[in-house]
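All remarks here apply to the structure that follows.
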Amino acid sequence: MIDIKLIRDDVDLVIQKLSTRNKDFEYLRDVKAMDERRRQLLVEVEQLKNIRNEKSKLIGQLKREKKDATDVLDSVAHLGADIASMDQEVAMIEEKIEYALLTTPNLLHASVPIGKDETENVEIKRFMTPTMFAFTPKAHYEIGEQLDILDFERASKITGSRFVVYKGLGARLERALISFMMDLHAKKGYTEIIPPYIVNRKSMTATGQLPKFEEDAFKIANGNGDWFLNPTAEVPTINMYRDEVIDMSQLPLKFCSYTMAFRSEAGSAGRDTRGLIRTHQFNKVELIKFAVPEEGYSELEKMLLDSEDVLKVLKIPYHVISLCSGDMGFGMAKTYDIEVWIPSQNTYREIGSISTAEDYQARRGNIRFRRDKDAKLEYVHTLNGSGLAVGRTLVAILENYQNEDGSVTIPDALVPYMMGVKEIK
RNA sequence: GGAGUAGUACUCAAGCGGCUGAAGAGGUGCCCCUGCUAAGGGCAUAGACCGGGGAACUGGUGCGAGAGUUCAAAUCUCUCCUACUCCGCCA
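Read left to right, the first sequence gives residues 3 to 427 (the working numbering).
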């Protein structure tokens, strides 16, 4: 969350900065007023508590000396009710402020292009030219069904729509991609992680999924209603360090985290209903970094390159866009999306997203570091990037590596992971 | 799932409702001593968070978390979390 001191100091500036997200933030003026009321109450109630503490001490002393304490007891008796009611008001105000801050998005970095929606995102770079075919390319679900490596019908029988069964070499390809990606990143110094796929409410709150986007998550009945299916490895991996102080010498911490990710896809009814572009359950390899603030943005650029490298090695065309202000995610200060070429749709589609939250998540999750022994604690910067979405990478391979006869060539880099298979036919 | 035990600072650990923001030990830092090392001695070692103040300072909260009893809670009560032991079940 953003620092309440910013609101205290200059609420107009904060509102102005947030306004590029094309939403209304006038309620922050109420937050400022509540904060003032709270501090004023604190001064009053703390004075009363000080009096009570002093008198309590005196009572203890008198009793030890076997003296009469009735007068002091009488004089302190009325304080309790006042303190209790003021405490209650403070708690109520704090709850409201807390909720407002938890539902206020991050401030954007100065380099984020201003724009109203996804149509105004800015292309940063391209890799390769879109794949050309001498025939009409098929969609990945047609290819997958014909090769009998993807089975959507049976998946919907087992569960429902937006699920898939990977079969035979399809299953092997999915598995190969996970290993390939993890190897690629691990070789560059990212520590491999396989975290829990179920996370609790605190974790979801720290990374920003809650309290605002509860309907996007799968909640499960166990865990007193406070357990959720992992929506992205960013959640469990960043929360590894929640409420911790990270030793300065360990920064930047770099992780590549493999998870199965789960999304309710509430609100995307009708979109990408066919195929595995948008499923409730998908594999994802995610890059996560914890960095000192001054290195946050250089680490973001490096992470983008590491993420791109997956498609470079696989030789699949993509471009990178910088999300404009109106399309930015809730908790992030700056985001690059990698979009991969999808021949059947004749367009680029998102396959990865690389972002920095600056200290927004660190403040929510209380993740800090200290520069040296006597230095004050500071919040780290947290970064996350896809490395990549595995299902969508499989889509990109099926479509970009398809042949006229319906077969699919396996990218060279994956052949060793496919037990030598060079083609699916 | 059942039964039990425990959670105090960097670590271990004492702790009677008030004199405990917390004994003691280790560790760590600085200093002394011994030619160096091993060993020994001295001093320091609660931070964090929320406030007030221009500042020096100062108030509040903190003993797994939350609620309660009380003028007063590490200490009493309740709920929860976590770890460990035994039983049951199970990949």
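Just so you know, even glycine gets a beta-carbon here, dropped at the ideal spot from N, CA and C.
Comparing alpha-carbon positions, the option among Y320, I399 and T239 lying closest to R128 turns out to be Y320. For the 8 Å CB-CB criterion, L379 and V237 do not form a contact. In the structure shown, Y381 falls within a strand segment according to DSSP collapsed to helix, strand and coil.
Taking a C-beta distance under 8 Å as the contact criterion, L385 and M330 do not qualify as a contact pair. Under DSSP, I95 shares a beta bridge with no residue.
In the assembly as shown, M206 is a buried residue. Its beta-carbon has 16 or more other beta-carbons within 10 Å. Sixteen is the threshold: when 16 or more other Cβ atoms of the shown chains lie within 10 Å of the Cβ of M334, as they do, the residue is buried.
Contact annotation, F292 with I369: C-beta distance approximately 7 Å; criterion of less than 8 Å satisfied. Of E297, K7 and R203, the smallest CA-CA separation from R41 is found for K7. A straight-line Cα-Cα distance of about 36 Å links G117 and V166.
Assignment of beta-bridge partners to C258 by DSSP yields E194 and L289. Judged by DSSP secondary structure, R372 falls within the beta strand (DSSP E) whose first and last residues are I369 to R372. Counting the other CB atoms within 10 Å of its CB gives N226 a total below 16, which places it among the exposed residues. Going by C-alpha positions, L109 is about 8 Å away from V16. The residue from R164, D119, G82 and I9 with its alpha-carbon nearest to that of K25 is D119. Closest in alpha carbon position to P418, among L60, A178 and A364, is A178.
In the three-state reduction of the DSSP assignment, S163 falls in the coil class, being assigned neither a helical nor a strand state. If you ignore the 5 residues before and after F284, its C-beta comes within less than 6 Å of the C-beta of A263 and G393, all in its own chain and listed in chain order. The beta carbon of A415 lies closer than 7 Å to those of F182, V315 and L316 in the same chain, with the five residues before and after it left out. Nearest C-alpha to P132 among T349, A377 and M420: T349. The criterion of a C-beta distance shorter than 8 Å is not satisfied by N402 and I323.
Its chain contains M36, R39 and R40 as the residues whose beta carbon lies nearer than 7 Å to that of I95, once the 5 sequence neighbours on both sides are disregarded; these appear in chain order. L44 sits away from V114, with the two beta carbons spaced by 8 Å or more.
If you draw a straight line from the Cα of E147 to the Cα of D153, it comes to about 6 Å. Annotated three-state conformation of Y101 is helix, per DSSP. Sequence-distant partners of G367 (beyond 5 residues in either direction) whose C-beta falls short of 6 Å from its own C-beta, in its chain, are A208 and R244. Take the alpha-carbon of D308 and the one of D374: they are about 30 Å apart. Apart from sequence neighbours up to five positions away, the residues of its chain that approach D89 with a beta-carbon distance below 7 Å are V47, ordered along the chain. Under DSSP, V322 shares a beta bridge with K127 and I340. Contact between F215 and K221 is ruled out by a C-beta separation of about 12 Å, above the 8 Å threshold. For L43, the enclosing alpha helix (DSSP H) starts and ends at L30 to R66.
DSSP places I6 in the uninterrupted alpha helix (DSSP H) bounded by I6 to L20. DSSP places L110 outside both helix and strand once states are collapsed to three, so it counts as coil. Taking the CA atoms as reference points, K140 sits about 6 Å from S346. Considering only T337, P233 and V294, the residue with the shortest C-alpha distance to Q252 is V294.
Residue state for K221 is assigned as strand, using DSSP reduced to three classes.
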